Amino acid sequence: MRNQNISNLQLMVLSSFFAALIAIGAQLVIPLPFVPITLQTFFVLLASVFLGGFRGSLSIFIYLLIGIAGFPVFSSGTSGLGVILGPTGGYLYSFLIASIIVGVISDKIFLKYDSPSLKSLALLFVACLLGSMIILAIGTIHLMIFVNLSPEVAFFSGFFPFILGDVVKSLAVALVMSQIYTKRPIQNTT
Amino acid sequence: MVFSSFVSNSNSSFFYKLDPRTKLLSLAVLSILIFHETSVISLLFFLLLTFLFMFLFSISVIDILKTIKPLLFIFFLIFLLRFVFIQKEHTISFISDNKIFFEIFQNFQHFEIFQHFQIFHFLNFENLPHFEYGFISISVYTFFAALFPVLKFFILVLLSSIITQTTNTSKLVLGLERLFDYLPLKKFNISSTDLSLMIFLSLSFIPNLFNTANQISVSAQSRGLVIKKKPVLYIRILSTNLINSILKYSYDISNSMEGRCYTGYGKTSIYELNFNKYDFLFIFLLFLYSFFHFFCFRYFLI
Chain V
1 MRNQNISNLQ LMVLSSFFAA LIAIGAQLVI PLPFVPITLQ TFFVLLASVF
51 LGGFRGSLSI FIYLLIGIAG FPVFSSGTSG LGVILGPTGG YLYSFLIASI
101 IVGVISDKIF LKYDSPSLKS LALLFVACLL GSMIILAIGT IHLMIFVNLS
151 PEVAFFSGFF PFILGDVVKS LAVALVMSQI YTKRPIQNTT
Chain U
1001 MVFSSFVSNS NSSFFYKLDP RTKLLSLAVL SILIFHETSV ISLLFFLLLT
1051 FLFMFLFSIS VIDILKTIKP LLFIFFLIFL LRFVFIQKEH TISFISDNKI
1101 FFEIFQNFQH FEIFQHFQIF HFLNFENLPH FEYGFISISV YTFFAALFPV
1151 LKFFILVLLS SIITQTTNTS KLVLGLERLF DYLPLKKFNI SSTDLSLMIF
1201 LSLSFIPNLF NTANQISVSA QSRGLVIKKK PVLYIRILST NLINSILKYS
1251 YDISNSMEGR CYTGYGKTSI YELNFNKYDF LFIFLLFLYS FFHFFCFRYF
1301 LI
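Note that the protein sequences, when read in sequence, are chains V and U.
Position 33, counted from 1, in the first sequence is what my numbering calls 33; the numbers after and before it change by one each time, with no gaps.
Position 275, counted from 1, in the second sequence is what my numbering calls 1275; the numbers after and before it change by one each time, with no gaps.
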């Protein structure tokens, strides 16, 4: 059955490890056809699904703080508040919004389905896809405002090329969750 | 490895000795100011001031520029997007941030000294050579319009690099922790000490987990997995193993922390942060400058 014996402290440590995984994911590149992808968004979605709404978003908050503090954890080894406020910053702070939404949805899915089934995994896939689209949409809107592009150009430069990669990542999250479904931590309230 | 590229320099000048909270707050204020900037003259003025500041407090310009190197591709991409795809109608409709080239001269005309330079009246978009084809529109105007967001982004990154290069990382994280004391974190059942501990835990495990990820990746490839052909399978193998290892690590670490009676409150630090008179002076000067910058450039000069 599910992993019920996880303390509050272990959850906190797990959240910080997921922040580290997101940082690592930004450096791991997978050469897909047309547009190569990094595993950053994948780990963001996995953190939200695996840890739930609150702990998942906390790990992303920690990741952003590490970047703001000056460690080169953002993609291509960049860091600082300037990157978050810069043209590609929308793709970073949108992680937080997406993780809250995906986490809350996945919490409900896990409450309803105790074990992995085709339906629960399909629902997780849809939730992750929704999260990816939120990240892309906020990132593209930020890019459009910062660079002052027309909506069409912003869509074709900041949204469209990444759709295929995000579908692959959402699918991967659902497949990974099928293997670690029962290891998902639930806070021990006693 | 990219994670080992962070180095903070030590120097005895005034700026290095400032409290990290002062630096973080000033960075936030200046970043917001630059983010909402609409005129290229004020951006150039600000850039000049920043370089002057770096020169005065002996902050190495070369070190700072080295940290910006990874962003060169993004700079180029933004420049290209704006340079090639900006539409003529679009540039006119978004006048607010297009005070790039022509409005500089138009604004100069308000001053008596420039009244004689009638040549500037003839400078407008229609008179310049430009090339248009469908989405693509290239001209001198779009070239200068494309420089604006690049310059803005460059200054934003430059400011952050100055802070991180002139501050000890532990002090910077401690500064963040002290700033979080003012946030209502108790509502979320978490303390600022917890946050700083989480930051340190992540930082100390990034190299470990990176090595583990590399090992998993190499061993999967040695078993005959071609990442390009089966990306989903690769991600599945990598992340399942990584999550298993972090579950094990987290169990060990939380057990040892509980064994040492970790509560999340009353943690002490090797450093002590104190606001001194220089911090107050710096904050005062910063707000004075922000006020001057905001009102003078927005409502008077440009």
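All C-beta atoms in this analysis are idealised placements derived from N, C-alpha and C, irrespective of residue type, glycine included.
Since this is a predicted model, take the numbers as computed values, not measurements.
Beta carbon proximity, residue 104 (chain V) to chain U, threshold 7 Å:
Here residue 104 (chain V) refers to the residue found at position 104 when the first sequence is read from its first residue. Cβ-Cβ to chain U under 7 Å: no for residue 104 (chain V).
Which residues does DSSP list as the beta-bridge partners of residue 41 (chain V)?
Translated into positions along the first sequence, residue 41 (chain V) becomes position 41. Note: residue 41 (chain V) sits in no beta bridge, so no partner.
Considering only C-alpha positions, which residue in the set U:1274, U:1182, U:1175, U:1043 is nearest to residue 1290 (chain U)?
In the second sequence, residue 1290 (chain U) corresponds to position 290, counting from 1. Closest option to residue 1290 (chain U), Cα to Cα, is U:1043.
Where does residue 1193 (chain U) fall in DSSP's three states?
Reading the second sequence from its first residue, position 193 is the one you call residue 1193 (chain U). Note: residue 1193 (chain U) maps to helix in three-state DSSP.
Name, please, each residue of chain U whose Cβ falls closer than 9 Å to the Cβ of residue 76 (chain V).
To locate residue 76 (chain V), count along the first sequence from 1; it is residue 76. Under the 9 Å cutoff, chain U gives 1002, 1070, 1071, 1073, 1074.
Which residues, taken in chain order from the region 87–111 of chain V, show a beta carbon closer than 7 Å to some beta carbon of chain U?
87, 88
Do the CB positions of residue 1027 (chain U) and residue 1279 (chain U) come within less than 7 Å of each other?
Against the second sequence, residue 1027 (chain U) aligns to sequence position 27. Against the second sequence, residue 1279 (chain U) aligns to sequence position 279. No, these two residues do not count as a Cβ contact at 7 Å.
Interface positions of the region 4–38 of chain V facing chain U (Cβ-Cβ less than 7 Å), listed along the chain:
7, 9, 10, 12, 13, 14, 15, 16, 17, 19, 20, 21, 23, 24, 27, 28, 30, 31, 32
How would you list, in chain order, the residues of chain V whose beta-carbon sits under 8 Å from the beta-carbon of residue 1202 (chain U)?
Against the second sequence, residue 1202 (chain U) aligns to sequence position 202. Scanning chain V for C-beta atoms nearer than 8 Å to the C-beta of residue 1202 (chain U) yields 16, 17, 19, 20, 23, 62, 63, 66, reported in chain order.
What residues from chain V crowd round residue 1257 (chain U), counting only those whose CB sits closer than 7 Å?
Mapped onto the second sequence, residue 1257 (chain U) falls at position 257. What residue 1257 (chain U) touches in chain V: 9.
Using three-state DSSP, classify residue 1218 (chain U) as helix, strand or coil.
Counting from 1 along the second sequence, the entry for residue 1218 (chain U) is found at position 218. Note: residue 1218 (chain U) maps to helix in three-state DSSP.
Is there a Cβ of chain U sitting closer than 7 Å to that of residue 40 (chain V), yes or no?
For the purposes of this step, residue 40 (chain V) is taken as the residue at position 40 of the first sequence. Not an interface residue.
How about residue 16 (chain V) and residue 1198 (chain U): are their beta carbons less than 7 Å apart?
One-based indexing of the first sequence puts residue 16 (chain V) at position 16. One-based indexing of the second sequence puts residue 1198 (chain U) at position 198. Yes, they are a contact pair.
Contact residues within the region 1240–1255 of chain U, judged by C-beta distance below 7 Å to chain V:
1240, 1242, 1243, 1246, 1247, 1249, 1250, 1251, 1253, 1254
For residue 30 (chain V), name the three-state secondary structure that DSSP assigns.
In the first sequence, residue 30 (chain V) corresponds to position 30, counting from 1. Residue 30 (chain V): strand per DSSP, three-state reduction.
Nearest-angstrom Cβ-Cβ length linking residue 102 (chain V) and residue 49 (chain V), presumed shorter than 8 Å:
Start at 1 with the first residue of the first sequence, and residue 102 (chain V) comes out as number 102. Start at 1 with the first residue of the first sequence, and residue 49 (chain V) comes out as number 49. Between residue 49 (chain V) and residue 102 (chain V) the Cβ distance is about 6 Å, and since that is below 8 Å, they are a contact.
For residue 78 (chain V), the residue or residues it bridges with in DSSP:
Along the first sequence, one-based indexing puts residue 78 (chain V) at 78. V:74, per the DSSP bridge assignment.
Name the chain U residues that come within less than 8 Å of residue 47 (chain V), Cβ to Cβ?
Position 47 of the first sequence, counted from the first residue, corresponds to residue 47 (chain V). Under the 8 Å cutoff, chain U gives no residues; its nearest Cβ is about 10 Å from residue 47 (chain V).
What's the C-alpha gap between residue 137 (chain V) and residue 1245 (chain U)?
Within the first sequence, the letter at position 137 stands for residue 137 (chain V). Within the second sequence, the letter at position 245 stands for residue 1245 (chain U). Residue 137 (chain V) and residue 1245 (chain U): Cα-Cα distance of roughly 33 Å.
What residues from chain V crowd round residue 1283 (chain U), counting only those whose CB sits closer than 7 Å?
To locate residue 1283 (chain U), count along the second sequence from 1; it is residue 283. Within chain V, no residue comes near residue 1283 (chain U); the closest Cβ sits about 17 Å away, beyond 7 Å.
With 7 Å as the threshold, decide whether the Cβ of residue 1082 (chain U) is near any Cβ in chain V.
As a position in the second sequence, residue 1082 (chain U) is number 82, starting the count at 1. Yes, its Cβ sits closer than 7 Å to a Cβ of chain V.
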